[in-house]
Amino acid sequence: MPSTTPPDAAASGTFRIAGELPVHRLGFGAMRITGEGIWGPPPDREAARAVVRRAVELGTTLIDTADSYGPDVSEEIIGEALRPYPEDVVVATKAGLTRSGPGEWTPCGRPDHIRAACEGSLKRLGLDTIPLYQLHRIDPEVPVEDSLGTMVELREEGKVRHIGVSEVTVDELHQCQALTPIATVQNRYNLVDREWEDVLDVCTSEGIGFIPWFPLATGSLAEGHDALSAAAERLDVAPGAVALAWLLERSPVVLPIPGTGSTDHLEQNVAAAGLRLTDEERTALDAAVAPGETA
């Protein structure tokens, strides 16, 4: 019989961002509480706020967003849903992408843009300090020293506590580390897309939080993956929950942030926190797609 006990993100364990900010490892990605194409408001704003509140009720303490989600909308909804924030909730947001329409994203790492984005995020979220501020992309037109240098200034001003980066190679990560301590790396990574395996390995060895975005590959993970389907059947959960459990077991620094605009789907995702795969299941899932390949 399926359990009637609500899932609890605390079962995923705890990771300390930068060695000091404790979060439950299974987080919540707030990209999909916006409109279609991650553009504009959601069809039901109160339902979106309810999803954010429910995530926290289920033990989620890491909420990941960005000023470009909407743009602005995701941050606004998080602020509306959670202020005053529970003491254990860590909000991570990002700057470095601009939007011109649905599904359109353009890097912008200019110092004036980063500073204005931070001020806007603080206002929308209702925070005095952003616990984790991430450079959404390295802008090829702007020296990374300039983009990260602005983030360092914001940290010195008390507006940012820790700095993270997104979509970086190992060499780029080391370049960023030469400028400032890097608390987290957010790269695309999931069961069937392991392009950034080498970056994850560096994060694991150095204790840097690794936030895999697109952790469920838009729900397509079960297609043609017998090992995933078999484990889901044994555990009586959705295949996506098994994929999240695999991520959690991949490395102790992995902090998955599955996103959804549905409370039902949210609970399916959070159920992953309490799953434990057998050695045989883990081996079969490891072999489902070889590192460096994409399904």
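Position 245, counted from 1, in the sequence shown is what UniProt numbering calls 245; the numbers after and before it change by one each time, with no gaps.
Positions of the beta carbon are idealized from the N, C-alpha and C atoms, including for glycine.
What you are looking at is a predicted structure, and each value in this text was computed from that prediction instead of being measured.
In the three-state reduction of the DSSP assignment, H24 falls in the strand class, which pools E and B. Distance check between H174 and each of M151, V144, Y189 and A55 places V144 closest, using alpha-carbon atoms only.
Per DSSP, reduced to three states, the secondary structure at S229 is helical. Distance between V56 and I63, taken at the CA atoms: about 9 angstroms. Within the model, the alpha-carbon separation for A48 versus G261 is close to 6 angstroms. Between L179 and L200, the alpha-carbon positions lie close to 20 angstroms from each other. Secondary structure of K159 (DSSP, three-state): coil. Your pair G79 and G120 does not check out as a contact, with CB atoms roughly 12 angstroms apart and the cut at 8 angstroms. DSSP places V56 in the uninterrupted alpha helix (DSSP H) bounded by R45 to E57.
For the set Q186, V52 and M31, the Cα lying nearest the Cα of T263 is the one of V52. Judged by DSSP secondary structure, P111 falls within the alpha helix (DSSP H) whose first and last residues are P111 to L125. Spatial neighbours of A287 in its own chain (CB-CB distance under 8 angstroms, excluding positions within 5 residues in sequence) are listed in chain order as A227. Just measuring C-alpha positions, the residue of E20, I33 and F15 sitting nearest L26 is F15.
For R16, the enclosing beta strand (DSSP E) has its first and last residue at T14 to I17. Scanning its chain for C-beta atoms nearer than 6 angstroms, with the 5 sequence neighbours on each side dropped, one finds around W213 the residues Q186 and R188, in chain order.
Counting along the chain, no alpha helix (DSSP H) covers P252, and no H or E run does either. In the DSSP assignment, D286 falls outside any beta strand (DSSP E) and lies within the alpha helix (DSSP H) extending over D279 to D286. Under the three-pair Cβ rule at 8 angstroms, the segment 30-47 counts as touching the segment 64-74. In the three-state reduction of the DSSP assignment, I130 falls in the strand class, which pools E and B.
Taking 8 angstroms as the cut-off, the Cβ atoms of C176 and V192 do not count as close. DSSP links T184 through a beta bridge to G164 and G209. Judged by their CB atoms, D8 and A273 are nearer to each other than the 8 angstroms cut-off. By the criterion of a C-beta distance shorter than 6 angstroms, R234 is surrounded by no residue of its chain, once the five residues flanking it on both sides are discounted.
DSSP places P239 in the helix class (H, G or I) of the three-state scheme. The beta carbon of G149 lies closer than 8 angstroms to those of P111 and L179 in the same chain, with the five residues before and after it left out.
Collapsing the DSSP output to three states places T98 in a strand. For the pair P42 and V91, the CB atoms are not nearer than the 8 angstroms cut-off. DSSP places L173 inside the alpha helix (DSSP H), whose first and last residues are V170 to Q177. In chain order, I114, Y133, L135, V160 and I163 place their CB closer than 7 angstroms to the CB of M151, counting only its own chain and leaving out the 5 sequence neighbours on each side. The residues P6, P7, D8, A9, L266, E267 and V270, in chain order, have a CB closer than 8 angstroms to that of L58 in the same chain once the five nearest residues on each side in sequence are set aside.
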